[in-house]
Every structure is written in C-alpha cells, then in structure tokens.
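Let me begin by presenting the structure, written as structure tokens, before commenting on it.
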Amino acid sequence: MCDKHHEGHIEKTEKKILSSEETREFIENGNITWVEAKDLLDATAESCVDGRGHDGIVGTPGGNAGEFILALTAVEKASGQKLDLDKVDEILERYLEKTGKFYFHTDDHHPDPRSGITENTTESEKEKLLETLVKAESIGCGHIGLMTKNPQEYGVRPELLKAVMKSIYKTLWEKPETMEFVVLEGGHKEGAIVNILVDGEVNDDTKIPTVAPSHDDIQIFVNHPQAVKYLRDKIAEDMEYVIGGDLGGEFNLESFKEYSQKIGDEQLKFTINNLPSAKDKPIYNIKISSDDKCEIV
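The numbering used here runs 3 ahead of the 1-based position in the sequence shown.
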C-alpha cells in the first residue's frame, strides 16, 4: 500500500469501484495457486495487501515487515515492559530463523533504500541514510507509512518502530538473501478490499489460495485473515526464543496471542479507513474452494 510520493507529489488514485460479482469474476479469472499453510513459515512470504503486484500472494498489511512490527508491539503490550532497542537487530535475526522468507516493499514513487549503498559506504553515511529512510515520506508501504505518522492510533511505540525499520533496512543491505524486497510499480486502481477465505480452521496441511491482486488493468487489495491468524499463532510459539528472554519475566503465550490479534485488527481497520486508496472501497469476503471457484459470503 502506498499513496504519497516523496518530494510532495500526491499520487492520483482512480475511483473505479468493483461490485461483488465483478470481484468474484476477477479472482476466478486470475491465476489462483495453492500453498500449504506450513509453508508460510518457510518458502512462502506474506506480502502486503497492496493491489499493484501481479503475482499470487498471501496478503497481510505491511507483509512480513508489518507482522514483525505487530509481534514486537504485542510482546510489549502483553508484558507491560519495553524491549531493549539495542537488541532489535538480534531479535530480527532470530525472527528470520523461525519465519523464513521476509517480504518488505516500497514503490517507484519513493526512494529505493538500496540506492547509494556500496561496499565503501561508511557507517556514518549509513546512519545518516537510515534517519532519512525511517521518515514517513520515505516509506513506500502505505500501511507502515501511516503507522509512522500515527503510532498512537496503531498502538506502536515510536522508538520501537524506528528501531525495527532501521534493522530491516540494515538486513536488506547486509543479508539481502533473507529479504523478499519488492519495488511495486505504478499507481493505485484498487476497486475493492477482499478477504480471502477457505473452509474450516487453518492448520499445517490446509491449502491456502494465493491470489494475484492485479491483472487485466484491474486491482484489488488482498487480505488473508484466516492464514494470517494461523501465522500469528505459529509465530507466538517461537516468540519467547525470538525476544531472547530480554523482558526478564515469564512470557505469557496466550496474552501475546490475544494482543497480537487485537492490535492487528485495529491496525487493519485504521489503514482501511485512512489510506486514500483504500478509504470508502467496498469490503468483500470471498471463499475459494479447491476447484478455484469463488463464493461471496
């Protein structure tokens, strides 16, 4: 998700609205592919819900970057304690051990964080660049950009968010193979926000349909709430290891799960209601069966 260009340019968003039937046909006519839920913690990254990508995705606001920010926020809320910001790099490294591919995106209206980084770039030059990249106007993901501008509404500690974003950028520079970094192209034309559903509870062996958010000059926002809940619950099992015992107290698994889902729902709602490209767009729940047929529910 993105809506604002750096240097003051505001991207125009087209106001095409899709009906539920048009949305159903759009998804059925796309290239639906299926992945096992357990692969979401290995070979398959969770992409942002942004509608400009052409490949099949499992969508969650901000992709893996958004989920990492959410997880650390839930840790602080559940424990009532603050994480040590000097250890965020280590925390991200352990998180990557447990979650596999890590999706993070910008777009061609914002700075590419890889630009200007060479083997000769000094640490002071990197730090100066990081201070620029963590500003909202430099962030090409609309969900995280809005979060940076409105940390209180997202329930996020500003200092933690800044430290996390710096850590993500540093990892992109130093270990790019661990990142699925994407530069989305063009403007927004999303005509609907779609929750992709499957029958029953999601477990390790559940097949999850990936959906291409853009084809034939049509775009939709793609969100997978069941798959995302499964992902959050699985990550919860490893969070005590991920945070490295830095809180000094016992990790409360159930409290973490509760805060993770509650805050995640609140963040999604704020983004939908405040991101210009998503605001006032219809929201459809569409269940996809194993024969790729879509049902509006």
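Note that beta-carbon positions come from the ideal geometry of N, C-alpha and C, so glycine has one too.
Every value quoted in this text rests on a predicted model; they were computed, and no experiment measured them.
Alpha-carbon spacing of residue i relative to residue j, whole angstroms
i, j, result
"I94", "T76", "13 Å"
"R235", "S127", "36 Å"
"E180", "Y106", "11 Å"
"E177", "D241", "24 Å"
"G51", "G247", "A small fix is needed here, since residue 51 is Cys in this sequence, not Gly. Rounded to whole angstroms, C51 to G247 spans 27 Å at the Cα level."
"G267", "V245", "19 Å"
"H135", "L88", "Residue identity differs from the one stated: residue 135 is Thr in this sequence, not His. So the alpha carbons of these two residues sit roughly 19 Å apart."
"H9", "H218", "In this predicted model, H9 has a pLDDT of only 39, less than 50, meaning its place in the structure is not dependable; the value taken from the coordinates is given anyway. Straight-line Cα distance between these residues: approximately 27 Å."
"N255", "K90", "20 Å"
"F273", "Y157", "7 Å"
"G83", "S258", "11 Å"
"E31", "K296", "6 Å"
"T102", "S170", "16 Å"
"T174", "G148", "19 Å"
Distance between beta carbons of residue j and residue i, contact taken as under 8 Å
i, j, result
"C223", "F29", "Per the sequence shown, the amino acid found at residue 223 is Ile instead of Cys. Rounded, the Cβ-Cβ distance is 7 Å, consistent with contact."
"Q229", "V205", "5 Å"
"D3", "H112", "Residue 3 is absent from the structure shown; the chain starts at 4 and stops at 300."
"R55", "E253", "Not really, about 43 Å apart at Cβ, beyond 8 Å."
CB contact flag (residue i, residue j, <8 Å)
i, j, result
"I20", "G194", "yes"
"E183", "A48", "yes"
"T63", "H227", "yes"
Among the options, the one whose alpha carbon lies nearest that of residue i
i, options, result
"D110", "K138, G143, S82", "G143"
"D115", "C297, L132, K101, G248", "L132"
"G59", "L43, E100, T213", "T213"
"V262", "V78, I291, K104", "One detail in the question is off: residue 262 reads as Tyr in this sequence, not Val. Closest by alpha carbon: V78."
Backbone secondary structure at residue i - three-state DSSP
i, result
"L21", "coil"
"G66", "helix"
"Y262", "helix"
"T26", "helix"
"S82", "helix"
"E128", "helix"
"H12", "For H12, the pLDDT reaches just 39, beneath the cut-off of 50, and the residue's location in the model is therefore unreliable, leaving the point undetermined."
"G248", "coil"
"A74", "helix"
"Q155", "coil"
"L175", "helix"
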